[in-house]
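A.B. asks: Attaching a single structure in structure tokens format; questions to follow.
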Amino acid sequence: MITRYMEQAHGWDRRIFHWINRTQNPTMLHAALRMLTHLGGALFTITLTLSVALFAPEPWRTTSLQSFAALAISFLITTLIKRKVQRIRPYLALEGVRVGKNPLKDPSFPSGHSTAIFSIITPFLFMGSWVAVLLLVMALIVCISRIYLGLHYPSDCLVGSFVGGVTAVLTVAVINL
1344 MITRYMEQAH
1354 GWDRRIFHWI
1364 NRTQNPTMLH
1374 AALRMLTHLG
1384 GALFTITLTL
1394 SVALFAPEPW
1404 RTTSLQSFAA
1414 LAISFLITTL
1424 IKRKVQRIRP
1434 YLALEGVRVG
1444 KNPLKDPSFP
1454 SGHSTAIFSI
1464 ITPFLFMGSW
1474 VAVLLLVMAL
1484 IVCISRIYLG
1494 LHYPSDCLVG
1504 SFVGGVTAVL
1514 TVAVINL
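Counting with my numbering, you get residues 1344 to 1520 for the letters of the sequence shown.
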């Protein structure tokens, strides 16, 4: 019975993946998503959190330190899961996938970019400012870009977002004790 549910879930995962990946490919959309996907990359997330921690006033400084801690912890968790699960990236497993230049070849589950972006934005959501909406939209665009570019299934991004968000919530809770 569990196998049947897993097969159904994987079927939905593939269908949603293909729908997003095969979306019309206007040059501007493709260029924008290729650029915005890097908002979840290591260079951007590390640079941003450390820059805000060093140069911004409170409460931004403390929140950024929480983001950096959550980023580091969630990276370790994601790395362990990737090594255990070893899920092949969709562009390597499925036919007719549109993929960008120099695609990653490491395991796809969970999405490291989705994990990273949610781990760094979640502490800022607790600040309750207008920035929260902007950050959530930005994080969702990163997740969608990973699917659009053929690098992740939707479930990779969903689980990555969950790992990043939960790690950040727990990090904030522990630091605020």
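All C-beta atoms in this analysis are idealised placements derived from N, C-alpha and C, irrespective of residue type, glycine included.
Computed from a prediction, not measured in an experiment: that's the story for all the values here.
1. Given this structure, state the Cα-to-Cα distance separating V1502 from P1400, to the nearest angstrom.
2. Mind checking F1360: buried by the 16 CB within 10 Å criterion, or exposed?
3. Quick check on K1425: does DSSP put it in helix, strand or coil?
4. Would you please state the rounded distance, in angstroms, between the beta carbons of P1453 and V1506? I believe it to be under 8 Å.
5. Please report the straight-line C-alpha distance between S1410 and F1398, rounded to a whole angstrom.
6. Assign H1353 to one of two classes, buried (16 or more other C-beta atoms within 10 Å of its C-beta) or exposed (fewer than that).
7. Beta-carbon within less than 6 Å of S1457's beta-carbon, same chain only, minus the 5 sequence neighbours each way: which residues are those?
8. Under 9 Å, do G1383 and A1482 count as touching if we go by C-beta distance?
C.D. replies: This is what the structure holds:
1. 33 Å
2. buried
3. helix
4. 6 Å
5. 15 Å
6. exposed
7. C1486, C1500, G1503 and S1504
8. yes
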